[in-house]
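Structure record follows, encoded as structure tokens.
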Amino acid sequence: MYRDRLDAARRLAEALAHLKGENPLVLAIPRGGVPMGRVIADALEGELDVVLVRKIGAPGNPEYAIGAVSEDGSVQLEEQARQCRHEWLAREIARQRELIDERRRRYTPVRSPIDPTGRVVVVVDDGIATGATMAAALATLRQRAPARLIAAIGVAPPDTLARLEALADEVVCPEAPPHFRAVGQFFATFDQVDDAEVVRLLGQGRH
563 MYRDRLDAAR RLAEALAHLK GENPLVLAIP RGGVPMGRVI ADALEGELDV VLVRKIGAPG
623 NPEYAIGAVS EDGSVQLEEQ ARQCRHEWLA REIARQRELI DERRRRYTPV RSPIDPTGRV
683 VVVVDDGIAT GATMAAALAT LRQRAPARLI AAIGVAPPDT LARLEALADE VVCPEAPPHF
743 RAVGQFFATF DQVDDAEVVR LLGQGRH
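Start counting at 1 in the sequence shown, then tack on 562, and there's your number in this note's numbering.
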């Protein structure tokens, strides 16, 4: 469906063109969402930052999210998390919180996170499956009282998008295929994004 993340980002930027002139705050979910966030922020003449959330992967299947941890320390758990041992879940939550703290120190070492209060906020990710990470990001940001909260996603299954509509003022997703296995199957090129690339993109100004 997409050539690469930049192709998806351009599609999203077109769908969000009505935000140009409102100085939107584009918050990308690392790491795959950051290259897309850079394109969208530049196209909409907004600012780019990251929203730091980490999924809690199921035991034995870490790619399947059973919950997520946000930068403010809050935890969102799916129904499946109840089947996990309490001790394992507590350790995993603590580990993800440490990784979030480490990422913030690495990504924006010389400034604080940009305040979303009163801003038009666009949360960007390349694609989602269960939506646990995006849901956690939206729930956390809602508490910061943005003027408008928008989820922008490259690809997602329809049932996940329906769930997110209760958490965002607007959900934009150009591709919502009913037969969904993994995000990468919808990108011809789906390379890994490393931390150095995230730091570089966050350091760029508007083009």
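Yeah, the Cβ is synthetic: ideal placement off N, Cα and C, and Gly gets one too.
Bridge-paired residues (DSSP) for residue i
i, result
"Glu732", "Ile712"
"Tyr564", "Phe749"
"Glu609", "Leu587"
"Arg616", "Val631"
"Val672", "None; Val672 has no bridge partner."
"Glu737", "Val717"
First and last residue of the uninterrupted beta strand (DSSP E) at residue i
i, result
"Leu589", "587 to 590"
"Leu639", "637 to 639"
"Gly595", "Careful: Gly595 lies outside any beta strand (DSSP E), inside the alpha helix (DSSP H) at 595 to 606."
"Pro624", "623 to 632"
"Asp688", "682 to 689"
"Arg665", "Here Arg665 belongs to no beta strand (DSSP E); instead the alpha helix (DSSP H) covers 648 to 669."
Best match in the options for proximity to residue i [C-alpha to C-alpha]
i, options, result
"Met598", "Pro624, Leu568, Asn623", "Leu568"
"Ala630", "Glu759, Phe748, Gly693", "Gly693"
"Gly689", "Arg673, Leu723, His648, Arg667", "Leu723"
"Gly608", "Gly619, Glu584, Gly595, Gly594", "Glu584"
"Phe752", "Arg593, Glu660, Pro586, Gln766", "Arg593"
"Ala728", "Ala713, His648, Pro740, Tyr564", "Ala713"
"Met563", "Val760, Phe742, Arg762, Val755", "Phe742"
"Glu649", "Glu759, Pro621, Ala605, Arg762", "Pro621"
"Val672", "Leu581, Ala571, Arg572, Val761", "Val761"
"Arg706", "Thr670, Arg647, Glu633, Asp663", "Glu633"
"Pro624", "Glu732, Ala691, Asp757", "Ala691"
"Glu759", "Thr670, Ile628, Ala605", "Thr670"
"Leu763", "Ile602, Ser674, Arg644", "Ile602"
"Asp757", "Leu726, Leu661, Pro675", "Leu661"
"Glu732", "Leu581, Ala570, Ala571, Arg572", "Leu581"
"Leu606", "Arg647, Glu576, Gln645", "Glu576"
"Ala570", "Gly619, Gln645, Ile715, Glu640", "Ile715"
Presumed contact (8 Å Cβ cut-off) between residue i and residue j, rounded CB distance
i, j, result
"Ala730", "Leu711", "5 Å"
"Val685", "Leu703", "7 Å"
"Val745", "Val717", "6 Å"
"Ala701", "Gln638", "6 Å"
"Leu610", "Ala579", "Between Ala579 and Leu610 the Cβ distance is about 17 Å, and since that is not below 8 Å, they are no contact."
"Pro720", "Leu574", "Actually they are not in contact, since the Cβ atoms of Pro720 and Leu574 sit about 17 Å apart, beyond 8 Å."
"Asp566", "Phe749", "6 Å"
"Gln766", "Arg600", "7 Å"
"Arg668", "Gly635", "Rounded, the Cβ-Cβ distance is 19 Å, inconsistent with contact."
"Val596", "Val755", "6 Å"
heavy atom of the ligand ZN below 8 Å from residue i C-beta
i, result
"Leu763", "Ligands in the displayed structure: none, and consequently the ligand ZN is not present."
Span of the alpha helix (DSSP H), counted from its first residue to its last, around residue i
i, result
"Ala707", "Careful: Ala707 lies outside any alpha helix (DSSP H) and carries neither H nor E."
"Arg762", "757 to 765"
Quick test of the definition: if touching needs 3 or more C-beta pairs under 8 Å, does the segment 678 to 687 touch the segment 643 to 658? Short answer: they don't touch.
Three or more beta-carbon pairs under 8 Å between the segment 611 to 618 and the segment 695 to 704, yes or no? Cβ pair count under 8 Å is three or more, so yes.
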